[in-house]
Amino acid sequence: MRVFVGLDVSLAKTAICMVSEHGKIVKEAQVASEPEALASWIGEQNGSIAAIGLEAGPLSQWLHSGLSEAGLDVVLMEIDRSRAP
9 MRVFVGLDVS LAKTAICMVS EHGKIVKEAQ VASEPEALAS WIGEQNGSIA AIGLEAGPLS
69 QWLHSGLSEA GLDVVLMEID RSRAP
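Residue numbers (the numbering used here): 9 to 93.
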């Protein structure tokens with residue numbers, strides 16, 4: 009099963025949500041906001057990861073770099089708040 013992983017980053021912990029290709033939430037967790045901890049947790053999951061989305065913010069470059077160095081394909085995402093209702 010292909011899954012999509014979303015990372016909602018805060019200073020101490022990152023909320024993780026895994027969603028199936030059919031839009032069903034497969035798993036949710038919180039992990040320390042450290043590249044090694046995130047890469048380890050993601051690596052332990054079942055399924056084929058189609059994409060990992062990382063929220064843009066103060067820790068983004070550091071986490072993106074660390075996850076990329078761990079061999080994960082990570083996409084940095086930013087919300088265009090000017091289009092939000």
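Positions of the beta carbon are idealized from the N, C-alpha and C atoms, including for glycine.
Three-state secondary structure assigned by DSSP to residue i
i	result
L15	strand
S41	coil
Cβ pair residue i, residue j closer than 7 Å
i	j	result
V17	S41	yes
S68	L84	yes
Distance between beta carbons of residue j and residue i, contact taken as under 8 Å
i	j	result
I24	V13	6 Å
A59	E29	Between E29 and A59 the Cβ distance is about 10 Å, and since that is not below 8 Å, they are no contact.
Other residues of its chain near residue i: CB distance less than 7 Å, five sequence neighbours each side excluded
i	result
E86	A64
R91	none
Spatial neighbours of residue i in its chain, beta-carbon cut-off 8 Å, leaving aside the 5 residues before and after
i	result
V11	M26, V27, S28, E29, V34, Q53, G55, S56, I57, A58
Continuous beta strand (DSSP E) stretch holding residue i: start and end
i	result
L84	82-85
A64	First-last for A64: undefined, no H or E at that position.
Segment limits, alpha helix (DSSP H) that includes residue i
i	result
S76	68-77
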